[in-house]
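Using mature numbering (1 follows the signal peptide of the UniProt record, and there is no 0), the letters of the sequence shown correspond one by one to residues -22 to -1, 1 to 434.
The beta carbon of each residue, even a glycine, is placed where N, CA and C say it ideally should be.
The structure under discussion appears below in the form of structure tokens.
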Amino acid sequence: MSGHKKLPTIIKLSLLASCLLAQPIIDANTLVASATEQTAAVAPPCKTWIKPLGKPLAALVCVHGLGLNSSAYEDFGLRASRQGIAVYALDVRGFGSWIKSKGAENVNFDDCLNDVKLTLEAVRKSNPNVPVFLLGESMGGAIALRVASLYPELLNGVISSVPAGERFQQGKTDLQVAAHFLTGPRRKFNIGKTIVNQVTQNEDLKNEWTSDPLARLDLSAKELLQFQVFMNGNHDCVKKLVKLPVLMVQGNNDRLVKPDESFDLFRQIASPDKVFLAVPSEHLIFEQSQSQDPWQREQNMRMVAIWMLTKVFGHDLHNADIMASFMRTPAPALTQVASQTKAVEALPKEAAAEAASFAKDKPAVILFYTKWCEGADHAAKLMEEAKGQWGNRVNLVTIDSDSKEGKETAKRFAVGAIPSIYFLKTGGDLSSVMVGQAEFPNFIKQLAQAIIDSDK
């Protein structure tokens, strides 16, 4: 028998945690290629906040943090939309509506990157000639940076909030993950209390978060390891951001992510067009903002909007007159600044014959949805209302993208998010596309436009 003493369990776990979390990062291009091959045809669930009047000044796609879902951007999205910004938020794989989707209920960053790409393409199709930006917070901030490094051609800028992978009490968390990995890598355990207590001291927010049926805080050790490995890739991916404008935001009162680590990450961004802003906030700056100080949450939203508009119109971010003017100007006046030119992309060639059959004798409205996606009932109600008011003037088609035939149709139409609504002119040419959970005024506006386009 060896004379060496057995290593204490705590040291064994420490070594295991170090080995597991030091896995080499898969090359980003390989990662996404793999995702593209494996991803099901179903597009990611998406929520939308858009003013019905006027063309948006910009479009903003939002990615949530660990444990949250797209609804976390509800307050931010509503307020930003009033300033003329079309806001979209998708659920990351393993969270939100994905929890109800068989086979997609687990965290999967490979597929997530592809989901964000699909959503950006869909948003561009839905908003021709409108600048598109990507915003992510915490885990979403890291996802935003990775997507921006892979697909800069899809973006006019990226906003990354508290994206650093280095956290307070990380050693303690790593040991917990390692211990659970030994007992069962796929067995879920709840990290809610630890994470939520570090994210906020606001009791109302804690209760709201932990009671949200679409929030998910029970993750397996395997999922948490995948999360940490992904976060560890931040430093490599920001070096690939060579031209794209980047805004990085960090809360001074953050108890989860170390502020100095976010700044260190910011310094490594290759792009010369970059800005770092520290704000008096806890970990969540743009998500769950309804629980924040009203003045500060408004400033946070305005800060993002101003930065985006400087990229749209080329103004100096530090010009006090420009900033003051925007702070005083309501959205309807701002929307007049944007060009009203509309250049709708054509449908993919693969969809042409099917589109023509849907809109053979009159305009058509095609709803792509899934039963498990939050907002499916709302979209179905829109179609019912349209049937009651416009049924004699348009063909209304509803397609379940989860069915075998529906998946193939959605693939031919290149559907990038669920729900999506395609408005076709008589004959099958595309009039417009709506992405995400639409409100009735926007729906009717697009429907009326399809009818007008058909009468020309």
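The beta carbon of GLY118 is closer than 6 Å to those of VAL41, HIS42, GLY43 in its chain, skipping five residues each way along the sequence. PHE401 is bridged by DSSP to VAL343, SER410. Rounded to whole angstroms, the Cβ separation of SER259 and GLY229 is 4 Å, and the two are in contact under 8 Å. Per DSSP, the continuous beta strand (DSSP E) segment holding CYS24 begins and ends at 24 to 27.
Leaving aside the five residues that flank PRO30 on each side, the residues in its chain whose CB is nearer than 8 Å to its CB run, in chain order, GLU417, PRO419, ASN420, LYS423. Per DSSP, the continuous beta strand (DSSP E) segment holding GLN228 begins and ends at 224 to 229. Taken atom to atom, the span from the alpha-carbon of ALA82 to that of LYS434 is near 44 Å.
Rounded to the nearest angstrom, the Cβ distance from PRO397 to ALA337 is 19 Å, too far for a contact under 8 Å. Taking C-beta separations shorter than 7 Å and ignoring five residues to either side along the sequence, the partners of GLN204 in its chain run VAL85, PHE87, following chain order.
MET286 is positioned such that its CB atom lies closer than 9 Å to that of LEU38. LEU225 is a Cβ neighbour of LEU255, given a cutoff of 9 Å.
For ASP53, the uninterrupted alpha helix (DSSP H) segment begins and ends at 52 to 59.
Shown here, VAL101 sits in a helix according to DSSP, grouped into three states.
Look at ALA36 here: in three-state DSSP terms it is strand. In the DSSP secondary-structure assignment, ASP378 is bridged to TYR347. Counting only the Cα atoms, ASN212 lies some 20 Å from LEU132.
SER49 carries a helical assignment under DSSP once its states are collapsed to helix, strand and coil. ASN373 carries a strand assignment under DSSP once its states are collapsed to helix, strand and coil. Taking C-beta atoms as the reference points, VAL375 and PRO341 fail to come closer than 9 Å. Rounded to whole angstroms, PHE264 and LYS349 show a C-alpha spacing of 29 Å.
Ranked by Cα distance from SER48, the options LYS385, GLY353, LEU360 are led by GLY353. A Cβ-Cβ contact shorter than 9 Å links ALA388 with ALA21. With a threshold of 16 other beta carbon atoms within 10 Å, LYS382 falls short and is exposed. Annotation: the continuous beta strand (DSSP E) that includes LEU255 extends over 252 to 257. Using a Cβ distance threshold of 9 Å, LEU325 and LEU408 count as a contacting pair. Its chain contains ALA21, PHE346 as the residues whose beta carbon lies nearer than 6 Å to that of VAL393, once the 5 sequence neighbours on both sides are disregarded; these appear in chain order. Taking each of ASN370, MET279, PHE401, GLY366 in turn and checking the Cα distance to ILE63, the smallest one comes out for MET279.
Taking the C-beta atoms as reference points, ALA120 is found no nearer than 9 Å to VAL136. Between GLN415 and CYS90, the C-beta spacing is not below 9 Å. Between VAL108 and PRO34 the beta-carbon gap is near 6 Å, inside 8 Å, which marks them as a contact.
LEU219 is a Cβ neighbour of PRO130, given a cutoff of 9 Å.
Excluding five sequence positions before and after MET281, the CB atoms of its chain that fall closer than 7 Å to its own CB belong to LEU255, given in chain order. Ranked by Cα distance from LEU195, the first of LEU46, GLN246, SER379 is LEU46. Under the three-state reduction of DSSP output, ILE137 falls in the strand class. VAL110 is the residue among LEU56, SER79, GLY72, VAL110 whose C-alpha sits nearest the C-alpha of LYS289.
In this structure, LEU243 and VAL216 form a Cβ contact; the two beta carbons are roughly 6 Å apart against a cut-off of 8 Å.
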